[in-house]
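Written below as structure tokens is the structure these notes are about.
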Amino acid sequence: MEYIRETEKNKKGLKGSTVVEMSYIIPLFLGLFVLILHAVFYYHDKAILNGAASETAILGAQAARRADTEYDLEAFFRDRTKSRLIYLTDISVTVRESEDAVEVSAAASRSIMKLDIIQKAEIVRPEKALRRMGVIQ
Numbered sequence: 130m131e132y133i134r135e136t137e138k139n140k141k142g143l144k145g146s147t148v149v150e151m152s153y154i155i156p157l158f159l160g161l162f163v164l165i166l167h168a169v170f171y172y173h174d175k176a177i178l179n180g181a182a183s184e185t186a187i188l189g190a191q192a193a194r195r196a197d198t199e200y201d202l203e204a205f206f207r208d209r210t211k212s213r214l215i216y217l218t219d220i221s222v223t224v225r226e227s228e229d230a231v232e233v234s235a236a237a238s239r240s241i242m243k244l245d246i247i248q249k250a251e252i253v254r255p256e257k258a259l260r261r262m263g264v265i266q
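Take my numbering: the final residue in the sequence shown is number 266, and no numbers are missing along the way.
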């Protein structure tokens, strides 16, 4: 019986200090949780944008090798990112095609967070090298 009375006394003495300590600790944990959530959303959107830019550059490089194909690469990029981004909403894309490569520049932002991605795919023309070597005519 004495043991029960001693623990009841100890519990009564700890209740007030626990509440005060938790009032400091809980906001820190909630703030840390929100920061982690924002970081996860940022890196998710970065992976989506990086993949879409890479796919767009590769499609542009493949289309450049074929004379009969024409793609709207910016529309392809927007289709790849439509309704997949969680955090970054303001998206802009620029596709530059040169003789040797296709470069896709994508930028996304939301308030102070910004992300710039550049993906480049070289236009490979193996038939020219094979003709120079005399393998094909």
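Beta carbons: idealized from backbone N, C-alpha and C, even for Gly.
(message) Give me, in chain order, the residues of the same chain whose beta-carbon lies closer than 7 Å to that of residue 175; leave out the 5 immediate sequence neighbours on both sides.
(response) 244
(request) Tell whether a beta-carbon distance below 9 Å holds between residue 233 and residue 204. (result) no
(message) Helix, strand or coil, according to DSSP, for residue 246 in the structure here?
(response) In this structure, residue 246 counts as strand in the three-state DSSP scheme.
(request) Could you tell me the distance, in whole angstroms, from the CA atom of residue 161 to the CA atom of residue 154? (result) 11 Å
(request) Using only alpha-carbon positions, find the residue among 255, 159 and 207 that is nearest to residue 195. (result) 255
(request) Have a look at 192, 165, 265 and 242 and flag the residue whose alpha-carbon is nearest the alpha-carbon of residue 230. (result) 192
(request) Go through its chain and collect everything with a Cβ distance to residue 213's Cβ below 7 Å, but skip five positions before and after it. (result) 177
(request) List the endpoints of the continuous alpha helix (DSSP H) containing residue 218. (result) Taken as a continuous stretch (DSSP letters only), residue 218 belongs to no alpha helix (DSSP H), as it is neither H nor E.
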